[in-house]
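**Q** Structure below; questions to follow.
Numbering (my numbering), first residue to last: 145 to 450.
Laid out in C-alpha cells, this is it:
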C-alpha cells in the first residue's frame, strides 16, 4: 500500500496539490473550520482547513490507517485550496481577484456506496455491532473486535451513531433491501489525541503529548480497551478477546518503517505542536510520532487476552 499517495481513484488529488474552486454558501455540520466549494459543474467538495484545526491532521492519519489495514474509510487528501469568493472571515490568505488560499487543508472524498438508510436515522452504534453474531450476518467476532481495538488505539472520541455509516456496496433494491452491506467508521478527525467527554479539538485531535501518554489497555483484569466514552459516544472500554487482539496485531506488524514514516509525513504532523494550546511545547519530528505508534503497537502485540 502506498500510504503517501493514498487511495487512487478518478477523483483523487495528488499530495499537496493546488486545487481551485468556487465558494458555496452552504452550512456544513460540525464545529471544526470547513466550507463547501465547487469545481466545475458537477464536483462539490468539502474542505477542512486551518493549522490549529486538529481534524486536518487526525482525519488524514485515521483514514489512511483504516484504508491500509482494509477496514474501509473515506479518502482524505492533503492539499492547498484556492477559493474564489470565500468570505474574508474564514481566515484564508488573501490573493488578488477575490481569492483566498487555505493551507493546510484537506479534501474529503466519500467511500463509494449507497448510504443506508438515508437521512438522520442512518449509522450504527458500536454496542450493536459488537453483539452481532456471524450467523445473523455479521463479520467474524475477531474482525469486529479488531476494529474496536483500533478505535481505542487511535483514541477515536466522537463515536456517535452518525459517525459510523452503513454502505450498500451493491446498491439498494426497489423494496429497500441493502445489497452487500458494509459497515465503516467515518468522520475520524478527532483521533490521535486523547478521548474527551466533550470531543475537544485541542485534546482529541492530533495531540502527540496526550496520545503518547494514553495507554491502549485499562489497568484492570482482562483485556479492556482504554477508551473513555464521550457525551455522544457509543464505544466505551470495549472488552477484547485474544482472537480480536491477535487479528489487529498481525495487521499492524505488517507496516514497514517507511510506511509508518509516510503515514505521519502525509498528514503534515510537523505543523501541529506537540501539545496543542501550549505553543512552547514546540513542533515534533515525524520520528516522534512513529515512535509513539510503535509503542502502542507493541502494547497490543505483547498483550495476551483470555
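C-beta atoms are modelled at their ideal positions from N, C-alpha and C, and glycine is treated no differently.
Note down, in chain order, each residue of its chain lying with its Cβ closer than 6 Å to the Cβ of residue 225, except the 5 sequence neighbours on either side.
**A** 163, 191, 246 and 249
**Q** Considering only DSSP beta bridges, list what residue 98 is partnered with.
**A** Summary: the structure shown does not reach residue 98, with the chain confined to residues 145 through 450, and so no result is reported for it.
**Q** Please confirm if the segment 414-430 is in contact with the segment 379-386, defined as three or more CB-CB distances below 8 Å between the two stretches.
**A** no
**Q** Does the segment 355-365 come within contact of the segment 310-321, defined as at least 3 CB pairs closer than 8 Å?
**A** no
**Q** Would DSSP call residue 277 helix, strand or coil?
**A** Under the three-state reduction of DSSP, residue 277 is assigned to coil, being neither helix nor strand.
**Q** Output the distance between the C-alpha atoms of residue 290 and residue 262, rounded to the nearest integer angstrom.
**A** 27 Å
**Q** Look at the alpha carbon of residue 403 and the alpha carbon of residue 319, and state the distance between them as a whole number of angstroms.
**A** 44 Å
**Q** Would you call the segment 184-203 and the segment 321-338 in contact, with 3 or more CB pairs under 8 Å?
**A** yes
**Q** Can you tell me which of the three DSSP states residue 414 falls into?
**A** helix
**Q** Can you tell me the Cα-Cα spacing of residue 346 and residue 279, whole angstroms?
**A** 42 Å
**Q** Restricting to runs no shorter than 4 residues, where is the alpha helix (DSSP H) found entirely within the segment 378-414?
**A** 386-396 and 401-410
**Q** Would the segment 431-446 count as touching the segment 227-234 if we require 3 or more Cβ pairs under 8 Å?
**A** no
**Q** On the CB-based measure, 16 or more other CB atoms within 10 Å of its CB, does residue 391 come out buried or exposed?
**A** buried
**Q** Under a three-way DSSP split, which group does residue 258 fall into?
**A** strand
**Q** Using DSSP bridges, identify the partner residues of residue 361.
**A** Note: residue 361 sits in a beta bridge opposite 369.
**Q** If we count the other Cβ atoms within 10 Å of its Cβ and call it buried at 16 or more, is residue 150 buried or exposed?
**A** Burial is judged here by how many other beta carbons sit within 10 angstroms of a residue's own beta carbon; residue 150 has at least 16 and is buried.
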